[in-house]
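Numbering (the working numbering), first residue to last: 726 to 1117. Glycine included, each C-beta is placed from N, C-alpha and C at the ideal position. Here's the structure we're looking at; comments come further down.
Set out below in structure tokens:
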């Protein structure tokens, strides 16, 4: 019996082997006990401010919007110590792991940003760290692989299945089944079995808490539109969290529409997926006619995932958030534009959200509007992927 509601509407749940249920219930128990605890919050805020580098700024893009009536702000999660928003919730989970007296950490990673954040906090907390990563992602995100190794993490290549984040998730949860007694599984996104989606939502909500204060100070009003990319959905739920109750603000999640020239070559589970069970949760999943999970595709390793967090599936179901798709070539175009116009190298994940923002601005440049895009991470890890895409 869970303490918190394990579902978002009819989505979510705890669909795991019975052997893992006590470990998940223990995690929920410690999360409920400590997340509002005065000392826990003090420790977390200290690390967020003095280790991770919060608060992150809102940067106004004057060059990109020149000649229009749009004010486009970027929430600069790329400026955090690890280079991405992932560090926010990793700090919270590491503090919970210490409270549970866990000695080891395992994690999965796609783009490597969650892996780098996990390796950093494991080194800081003196926790033994193993990270599962698909062999395809190891090749395309090798800079982050080197960082993780330098930080003391053991990288476990996954050569089965898609050789991407999907396969890494499967292997990590299988390994946790044999080690949960002394190991915490540090899930990297707002997906997976309860209580992970609720935990990640809580710890990533710092993004929107800051953004609300900053935009009110800068503009003396709320933005009309907030946009974020969606793979598993952690950066999106982080920037949406505080604004979900403000129905006059349009919230837009951008999935990876993949390669326009190849049928079914995408990672857009909300647009093309069907309800099913995967990674311990009930959510939208890319499936074939027999119900088998299909391989996903995206130029962005962090969005290359065949499902999405259950809260996003619920927000799509109740139509509170609009979910759209951006294809690989559009994300690459936005990546190049932001580099040249604003002097910022965005992650390919975030470039999907930027591409949709550019579409909105171009559709009617005369509209007076304020848009915030959550820049979830920096793109130095992606420059070779961009080079290879342009060459092909």
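Through-space distance from residue j to residue i, alpha-carbon basis
i, j, result
"residue 884", "residue 785", "42 angstroms"
"residue 795", "residue 788", "11 angstroms"
"residue 798", "residue 944", "11 angstroms"
"residue 802", "residue 838", "12 angstroms"
"residue 1096", "residue 900", "42 angstroms"
"residue 938", "residue 904", "42 angstroms"
"residue 834", "residue 840", "5 angstroms"
"residue 804", "residue 781", "7 angstroms"
"residue 982", "residue 973", "27 angstroms"
"residue 747", "residue 892", "24 angstroms"
"residue 1024", "residue 763", "42 angstroms"
Within 8 angstroms, strictly: CB atoms of residue i and residue j
i, j, result
"residue 908", "residue 829", "yes"
"residue 963", "residue 810", "yes"
"residue 897", "residue 1074", "no"
"residue 1100", "residue 800", "yes"
"residue 917", "residue 1005", "yes"
"residue 818", "residue 911", "yes"
Helix, strand or coil at residue i [DSSP, three-state]
i, result
"residue 814", "helix"
"residue 1094", "strand"
"residue 777", "helix"
"residue 980", "strand"
"residue 1102", "strand"
"residue 950", "strand"
"residue 789", "coil"
"residue 1066", "helix"
"residue 985", "coil"
Other residues of its chain near residue i: CB distance less than 6 angstroms, five sequence neighbours each side excluded
i, result
"residue 1078", "952, 953, 954, 979, 1098"
"residue 1090", "793"
"residue 925", "814, 915, 959"
"residue 1112", "none"
"residue 878", "844, 854, 856"
Proximal residues to residue i (C-beta, below 7 angstroms), its chain only, five neighbours per side dropped
i, result
"residue 1081", "952, 977, 979, 1049, 1051"
"residue 768", "820"
"residue 824", "755, 759"
"residue 736", "1007, 1008, 1035, 1038, 1039"
"residue 902", "742, 744, 745"
"residue 997", "991, 1011"
"residue 1070", "1064, 1103, 1104, 1105"
Close beta carbons around residue i, own chain, < 8 angstroms, minus the five adjacent residues each side
i, result
"residue 806", "776, 777, 778, 812, 845"
"residue 882", "858, 859, 860, 863"
request  = Note down, one range per segment and in chain order, each alpha helix (DSSP H) of at least 4 residues found wholly within the stretch 1000 to 1059.
outcome  = 1035 to 1042
task = Write down every uninterrupted run of the alpha helix (DSSP H) in the stretch 874 to 927 whose length is 4 residues or greater and which is fully enclosed by it, in chain order.
result = 890 to 901
query = What runs of the alpha helix (DSSP H), each 4 residues or longer, lie entirely inside the stretch 731 to 771?
reply = 746 to 759
task = Entirely within the stretch 806 to 876 and at least 3 residues each: give me those beta strand (DSSP E) ranges in chain order.
result = 829 to 834, 853 to 859
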